[in-house]
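Take a look at the structure set out below.
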Amino acid sequence: MKQICGDNAYVLQPAKHSYNELISAKHEIFERSQKIRNEKLFDCNMITISIRDNYNKVFIGIPTLEDNRVAKYLTDGIDFSLYEFYIASPPQQFGNYHPGDCIHGNIGGSTGYKAKLTIDGVEKIGFVTAAHVTNGSNAYTNWTHLVKIGNTIVEQNSGSVDAAFVELTGSHTFANQIDGYNITAGTSVIPAIGSTVYKIGTTTGTTSGTVISNINESWWDIDGVLVLFTNLCDTTVYCEGGDSGGLMYTKNGTTYKVIGNIKGGGNGVYSATKHSYLPWNISVIS
994 MKQICGDNAY
1004 VLQPAKHSYN
1014 ELISAKHEIF
1024 ERSQKIRNEK
1034 LFDCNMITIS
1044 IRDNYNKVFI
1054 GIPTLEDNRV
1064 AKYLTDGIDF
1074 SLYEFYIASP
1084 PQQFGNYHPG
1094 DCIHGNIGGS
1104 TGYKAKLTID
1114 GVEKIGFVTA
1124 AHVTNGSNAY
1134 TNWTHLVKIG
1144 NTIVEQNSGS
1154 VDAAFVELTG
1164 SHTFANQIDG
1174 YNITAGTSVI
1184 PAIGSTVYKI
1194 GTTTGTTSGT
1204 VISNINESWW
1214 DIDGVLVLFT
1224 NLCDTTVYCE
1234 GGDSGGLMYT
1244 KNGTTYKVIG
1254 NIKGGGNGVY
1264 SATKHSYLPW
1274 NISVIS
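Mapping of the sequence shown onto the working numbering: residues 994 to 1279, in sequence order.
Here is the structure:
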């Protein structure tokens, strides 16, 4: 228990459903939503689904509750105490150096955290941001693209990852610090459900909230096309456009640790890509 929750106080409470029951229900509902999408059974469909440990339930976001055909199809035969519906719309992606500073790639966004990428034995120093911010472009100081900060080396905007690594060029540097304290190098964390987390971004600065889910599937609106993302860190940490790519982190006293970089959000849920899910040989450095 201590390994999961850390040193913070926690409360043990009886749960009606086991985690296996919740995962099984989530999987079945997700498969049914895929069938709706593939076979075009209804005009609308589920947008997002996640296990929320604090409620011991599967939460299902759908565009409307007025037409119950979709809800009935998704949950027919599944114990009603296992799930809860709510109205949702597709989350929007929000779219020098320290975490949370302003950059511009294909769109405006924020710097995440300093990292080292190793490719074929060659080490590259730079920072992580959101792939939908770079989106095939390098990183610049502003929209004019007159001053380049760095070259985008790798990026991925699919699966469980919306992240890019930008190698610093010229005389640009990156101080991996928040509130004057160094971010812990060589490690990242997946925060416990209900724990307090923080983010820093260009638009809204530093905000805090709690972790809602680490196991989820959500259809994100990317240029008018719904794209499936999985296992993001869903939180209540408020973000706005321009915060994308910024750092989401934990802190305990003067110890700051990387969770990952901000993707975006909607419906009161704001998500981040977890550093531990990045598919490259990449590490957090100070």
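For glycine and all other residues, C-beta sits at the position ideal for the given N, C-alpha and C.
Using three-state DSSP, classify N1047 as helix, strand or coil. helix
Roughly how many whole angstroms lie between the Cα atoms of S1279 and I1022? 43 angstroms
Where S1201 falls: helix, strand or coil (DSSP): When DSSP states are grouped into helix, strand and coil, S1201 belongs to the strand group.
Helix, strand or coil at N1207 [DSSP, three-state]: Secondary structure at N1207: coil, using DSSP grouped into helix, strand and coil.
CA nearest to the CA of V1147, picked from E1160, K1141, N1207: E1160
Tell me whether Y1012 is buried or exposed, calling it buried when 16 or more other Cβ atoms sit within 10 Å of its Cβ. exposed
When the Cα atoms are used, what is the spatial distance from I997 to G1187? Because the pLDDT of I997 is 44, which lies under 50, any placement of that residue in the model is unreliable, and the number read from its coordinates should be weighed accordingly. Cα-Cα distance, rounded: 12 angstroms.
Bridge-paired residues (DSSP) for V1115: I1112
Alpha carbon to alpha carbon, what distance is there between D1172 and C1095? A direct Cα-Cα distance of roughly 17 angstroms separates C1095 from D1172.
Would you mind sorting D1072 into buried or exposed? The rule is 16 or more other CB atoms within 10 Å of its CB. exposed
Going by Cα to Cα distance, which pick from H1125, N1047, G1163, H1165 is closest to N1255? The displayed chain sequence assigns Ile, not Asn, to residue 1255. I1255 has its Cα closest to that of H1125, out of H1125, N1047, G1163, H1165.
Are the beta-carbon atoms belonging to D1227 and N1209 less than 8 angstroms from one another? Cβ distance < 8 angstroms, so D1227 and N1209 count as in contact.
Suppose the cutoff is 6 angstroms on Cβ atoms and the five residues either side in sequence are ignored; what does the same chain contact list for F1052 look like? Counting only Cβ-Cβ distances below 6 angstroms, and skipping sequence neighbours, we find S1043, R1045, E1077.
What separation, rounded to the nearest whole angstrom, lies between the Cα atoms of Y1133 and K1117? 18 angstroms
Could you give the distance in angstroms between the alpha-carbon of T1068 and the alpha-carbon of P1272? 34 angstroms
Option nearest T1248 by Cα separation, candidates H1138, T1177, A1064: T1177
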